[in-house]
Each structure stands twice: as structure tokens, then as C-alpha cells.
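The opening residue of the sequence shown carries number 7 in this note's numbering; numbering runs sequentially from there. Okay, structure first, notes after.
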Amino acid sequence: MITLWDNAPGLDLTLSADVPALEPYLLDTTSARPAVIICPGGGYIRRVDREGEPMARWLNGLGLHAFVLTYRVHPYKYPYPILDGKRAVKVVRHRAAEWHVKPDMIGIMGFSAGGHLASTVTTHFDEYESPPVDDVDAVSCRPDFAILCYAVINMEASFAHGMSATNLLGADATPSLLSKFSNEKHVTPNTPPCFLWHSTGDTSVPVANSLLFADALAQNGVRFGLHAYPGGQHGWGHNWNGNDGSSWKESCQEWLRLMAIA
Numbered sequence: 007m008i009t010l011w012d013n014a015p016g017l018d019l020t021l022s023a024d025v026p027a028l029e030p031y032l033l034d035t036t037s038a039r040p041a042v043i044i045c046p047g048g049g050y051i052r053r054v055d056r057e058g059e060p061m062a063r064w065l066n067g068l069g070l071h072a073f074v075l076t077y078r079v080h081p082y083k084y085p086y087p088i089l090d091g092k093r094a095v096k097v098v099r100h101r102a103a104e105w106h107v108k109p110d111m112i113g114i115m116g117f118s119a120g121g122h123l124a125s126t127v128t129t130h131f132d133e134y135e136s137p138p139v140d141d142v143d144a145v146s147c148r149p150d151f152a153i154l155c156y157a158v159i160n161m162e163a164s165f166a167h168g169m170s171a172t173n174l175l176g177a178d179a180t181p182s183l184l185s186k187f188s189n190e191k192h193v194t195p196n197t198p199p200c201f202l203w204h205s206t207g208d209t210s211v212p213v214a215n216s217l218l219f220a221d222a223l224a225q226n227g228v229r230f231g232l233h234a235y236p237g238g239q240h241g242w243g244h245n246w247n248g249n250d251g252s253s254w255k256e257s258c259q260e261w262l263r264l265m266a267i268a
């Protein structure tokens, strides 16, 4: 595991044993390749293993380096999970030459609440929740592309995922804070290209999250792919619950090819 800091801001091991870190899944190559940082879901209260290593292995099969992010979850709240996501991009970019990563092809991938973290890094990369502490902080945390899988996007609407909002922002979060992290509101023409997929039968994180984000991307002229699959429920991940979600991977691979990433 590669820790994100020598001394992570706000780290309190009496709250949790979690230390922000990246687990690398690097290709055996001396040629620079794109890389993807994976943010597993879990409602900002845990991180789901099946949305970590299996996805890293799949990305390796496409010729991409992968890193699974251990980011802080409950009882930690904002800014720490968000800071961990942004720092992860900085770490990979700072050490790109060492790991044979293309520094201008570093993507972020997230599932469910991990998709909220990924979409936050994708839309709020021009903000950083900590004073610079080292050379790593001198590089950009803007990802070059994002893959958002049944992602939590909105924090304030009737279809918002309340558990994620409470665990990240607190039960007493102000309307302005909920709006700040309703990420469809913060898409700009400088937002990186995105691939989104969702199940229309998802009652936990409704497809409206992805549709709103895709509409914002379209309004701002950002390149994106969107696939909404009929039926299904929440958390297809790596086909863990028996739903026929296999085509999302083929669609994602095709989008990566069209974007000249894989």
C-alpha cells in the first residue's frame, strides 16, 4: 500500500484504523500507460471490496494501470474523504514517471458513493481542502477522465441518497453545503470527459443522478458517454448480484477506445 501522506491531515487513529492509501495494480511495462484511480462505494461508511480489486484487474486487462483508493469514511466527514480523493490524483501524477503512467491520462472511477467522491474530484478540482505540505501538492488534482458507475451525484433533491449525504456532510448540513456537493451544479466546460452508467430500476440511488449529470455535461459541451440499463437494482459492480450487467464493461471499453485512452 502507498500512503497518500507521511502524516495525513486530520488523521485520528482513535476514530478509525484507516490510513488514506492507494493499492497499486501496475502493468509489467516500461512504456507509459494511462491509469485509473478506483473509489469503491459504500455510502461513505465503508468501502465495498468487490468494487475494488476486480475492477482493477479488469482495467489491467484493457492495458491500463489501476489503483484502488482507501479513502476515509464515517466517522470522518468532509473535507477528509474529498481531500483523500484529490490527493490520490496528485500522488499518481507526481510519481507518474516512476510508475510508467501517462501524467495527462489519469482517470478516476467510482461506484455509488465512491462515484460521488469521483464526481466531486472531477468537478471541484480547482479547490483543495488543505494548505500545501510537500512537492506532491504542487501538481494538479484534475483527473483527465472519469468513469461514474451508478453514482451518487445529488445531495439535496428528493432522490438524493440520504445516507451518503449524512455520512459525508453531517445530519445538520446546511442547504449551501448540500448544494455545493450536488455535483451536477458544478460542471463547467473544463470538466473532464465522463462515462456514466446506471440501472433504471435502481431505487437506492435513482438513475436521475446520472441523467442530471449527463445533462449538465451536454449543456457545457463536455464529451461523455451515458448508458442506462432497464431493470436491475443498485450495485451491479462486477456482476456480483447475478444481474446481466456485463454489457456496461463492453460499452465502457468502447468509450475508452473512442477517447484514445485504451
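All C-beta atoms, glycine included, are put in the ideal place defined by N, C-alpha and C.
Sequence-distant partners of S37 (beyond 5 residues in either direction) whose C-beta falls short of 8 Å from its own C-beta, in its chain, are H106. Shown here, Y86 sits in a helix according to DSSP, grouped into three states. The C-alpha of P81 is placed about 7 Å away from the C-alpha of L21.
Proximity of the region 208-216 to the region 139-151 falls short of the contact definition, fewer than three beta-carbon pairs being nearer than 8 Å.
The Cβ-Cβ distance between G168 and L123 does not fall below 8 Å. Take the alpha-carbon of K191 and the one of P199: they are about 16 Å apart. Within the model, the alpha-carbon separation for V211 versus M265 is close to 27 Å. Beyond the five residues adjoining it in sequence on each side, L232 comes within less than 7 Å, by CB distance, of L202, S216, A220 in the same chain, given in chain order. Residue burial annotation: T209 is exposed, with fewer than 16 other C-beta atoms found within 10 angstroms of its C-beta. Annotated three-state conformation of P199 is coil, per DSSP. DSSP places M169 in the helix class (H, G or I) of the three-state scheme. Looking at the DSSP output, M115 shares a beta bridge with I44, I153. Note that the C-beta distance between E57 and P40 is not below 8 Å.
Taking a cut-off of 8 Å on C-beta distances, the region 69-78 does not touch the region 139-148, as fewer than three cross pairs fall below it. By the criterion of a C-beta distance shorter than 6 Å, I114 is surrounded in its chain by I43, A124, V127, P149, A152, once the five residues flanking it on both sides are discounted.
If you compare the alpha carbons of S205, Q225, K186, N173 with that of N196, the shortest gap goes to Q225.
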